[in-house]
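Residue numbers (the numbering used here), protein chains in the order written: chain A, 1 to 161; chain B, 162 to 322. Notes follow the structure.
There are 2 protein chains.
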Amino acid sequence: MKISAQEEYGLRCLVQLANLGDGETLTLPQIAELEGISAANAGKLMWLLNKAGFVHSTRGTKGGYFLARPADEIYLNEIIKVLDEDVLSSHCDSYTGVKEKCVHTGDCGIRPVIVGLHEIVENALSRITLAQMVGNESKVDAMFHQIQGIHKTIEPQRVAG
Amino acid sequence: MKISAQEEYGLRCLVQLANLGDGETLTLPQIAELEGISAANAGKLMWLLNKAGFVHSTRGTKGGYFLARPADEIYLNEIIKVLDEDVLSSHCDSYTGVKEKCVHTGDCGIRPVIVGLHEIVENALSRITLAQMVGNESKVDAMFHQIQGIHKTIEPQRVAG
DNA sequence: ATCAATCATTACTTTTTAGTCAAGATTGAA
DNA sequence: TTCAATCTTGACTAAAAAGTAATGATTGAT
Numbered sequence: 001m002k003i004s005a006q007e008e009y010g011l012r013c014l015v016q017l018a019n020l021g022d023g024e025t026l027t028l029p030q031i032a033e034l035e036g037i038s039a040a041n042a043g044k045l046m047w048l049l050n051k052a053g054f055v056h057s058t059r060g061t062k063g064g065y066f067l068a069r070p071a072d073e074i075y076l077n078e079i080i081k082v083l084d085e086d087v088l089s090s091h092c093d094s095y096t097g098v099k100e101k102c103v104h105t106g107d108c109g110i111r112p113v114i115v116g117l118h119e120i121v122e123n124a125l126s127r128i129t130l131a132q133m134v135g136n137e138s139k140v141d142a143m144f145h146q147i148q149g150i151h152k153t154i155e156p157q158r159v160a161g
Numbered sequence: 162m163k164i165s166a167q168e169e170y171g172l173r174c175l176v177q178l179a180n181l182g183d184g185e186t187l188t189l190p191q192i193a194e195l196e197g198i199s200a201a202n203a204g205k206l207m208w209l210l211n212k213a214g215f216v217h218s219t220r221g222t223k224g225g226y227f228l229a230r231p232a233d234e235i236y237l238n239e240i241i242k243v244l245d246e247d248v249l250s251s252h253c254d255s256y257t258g259v260k261e262k263c264v265h266t267g268d269c270g271i272r273p274v275i276v277g278l279h280e281i282v283e284n285a286l287s288r289i290t291l292a293q294m295v296g297n298e299s300k301v302d303a304m305f306h307q308i309q310g311i312h313k314t315i316e317p318q319r320v321a322g
């Protein structure tokens, strides 16, 4: 279970925009420089994010990108959903085995685990805004673990099979 | 954030073995048939799982695969770690940008989120055994959500940035 | 000893994802 | 108007993941 390059760098680009002051913008070369990727790659990511409505852009001299909404109103789960191309809903459709369709559609003990994992990830991401990701690592780390801490207040215990 | 084919089908193959009675084994063609994948593909997965010590095998007529340990002693996080090739520890090394190294090693607000997501997934998987995945979908679903339920007893609340 | 059934291993092909390139369109400034 | 800076878009290339094929090794039955 891993985050894709598209998810990670898409998110990073948005965080850069969240750092901007009012009226400021970033160009593709600037974003590329900040994130250590090529301008072409940044362009592709911003194109996706623009289509999805997270950013606006202006062309020409002094042009650039900026967030379409305030950073504290953008939750990470929305962003990831776009960058991840809605994997979950089509899980059993994207099956590539030898059979016509996924052999596990009938009754399948693994699907609830896969769906469940996506649920807890979604749940965590839905509690974090772009604005919360602005700042240094230790601050964000503390914020994230405070959220996680909600999950840990009850002593973990094994559940009978 | 998604589960890879290798993770999913590796896990599925192990669940098939967990279904067996004492002394029973499954051959590659049998596993392949049960999961709707090719025998070659099943062979590759079982090879990985064998190397990692989750299964044993015997060759020749009447040969096949069986679990190396009781299913209720194998936790999913161990399995996924092997099938996922230890993504987390090398996250910033696998960076493919234009710079020599990840530009975010110094101080990076996104890393704690990525690391944190892996933590909560790991945490969930470490509470589920292979044995718990044997059975029908609704049973496993109930089991998973009982585990998740541990996380939900305290009212979710937004945390200040 | 022979043979068929089975796993083991490596190399190869296909598909998907990631990243680049190039031509086009828009904007603002001189 | 002209031009340079900028975004936009689709096609292309490269890399990684997934899946297949082929050859070899081991085992058990006859």
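By construction, the Cβ of each residue, glycine as well, lies at the ideal position given by its N, Cα and C atoms. This structure is a prediction, so every number in the text was calculated from the model and none was measured.
Within chain A, the residues placing a beta-carbon under 7 angstroms from that of B/Cys269 are Glu137, ordered along the chain.
Under the DSSP assignment, B/Gly214 falls outside any beta strand (DSSP E); it carries neither an H nor an E label.
Residue burial annotation: A/His118 is buried, with at least 16 other C-beta atoms found within 10 angstroms of its C-beta. Listed in chain order, the non-local C-beta contacts of B/Gln191 below 8 angstroms within the same chain comprise Gly225, local neighbours out to five positions each way being set aside. Within 8 angstroms of the CB of A/Leu117, the CB atoms of chain B belong to Ile164, Val282, Ala285 and Leu286, in sequence order along the chain. Cβ-Cβ separation between B/Ala292 and B/Ala232: approximately 4 angstroms, consistent with a contact (criterion under 8 angstroms).
B/Leu187 and B/Ala193 have their C-alpha atoms spaced approximately 10 angstroms apart.
Sequence-distant Cβ neighbours of B/Val176 in its own chain, meaning closer than 6 angstroms and more than five residues away, are Met294.
Annotation for A/Tyr75: no beta strand (DSSP E) segment contains it, and DSSP assigns it neither H nor E. Assigned with DSSP and collapsed to three states, A/Lys2 falls in strand. For the stretch 55-82 of chain A, the beta-carbon criterion of a distance under 8 angstroms to any beta-carbon of chain B is satisfied by Asp72, Leu76 and Ile80.
Shown here, A/Leu130 sits in coil according to DSSP, grouped into three states, outside any helix or strand. Contact between A/Ile37 and B/Met162 is ruled out by a C-beta separation of about 20 angstroms, above the 8 angstroms threshold. The alpha-carbon separation between A/Leu11 and B/Gly182 amounts to approximately 48 angstroms. Selection A/Ala124, A/Gln146 and A/Leu28 evaluated against A/Thr61 yields A/Leu28 as nearest (Cα-Cα). For B/Glu169, the C-beta contacts it makes with chain A under 8 angstroms involve Ile110 and Ile114, in order along the chain.
Scanning A/Leu76, A/Leu34 and A/Ala39 for the CA closest to the CA of A/Phe54 turns up A/Leu76.
A check of alpha carbon separations from B/Asn180 across B/Phe227, B/Glu239 and B/Leu206 identifies B/Phe227 as the nearest. When the five nearest sequence neighbours on each side are left out, the beta carbons in the same chain lying within less than 6 angstroms of the beta carbon of B/Ala200 are those of Leu189, Pro190 and Ala193, in order along the chain.
Annotation for A/Leu125: the continuous alpha helix (DSSP H) segment containing it runs Arg111 to Leu125.
By the Cβ neighbour-count rule, A/Val121 is buried, with 16 or more other Cβ atoms within 10 Å of its own.
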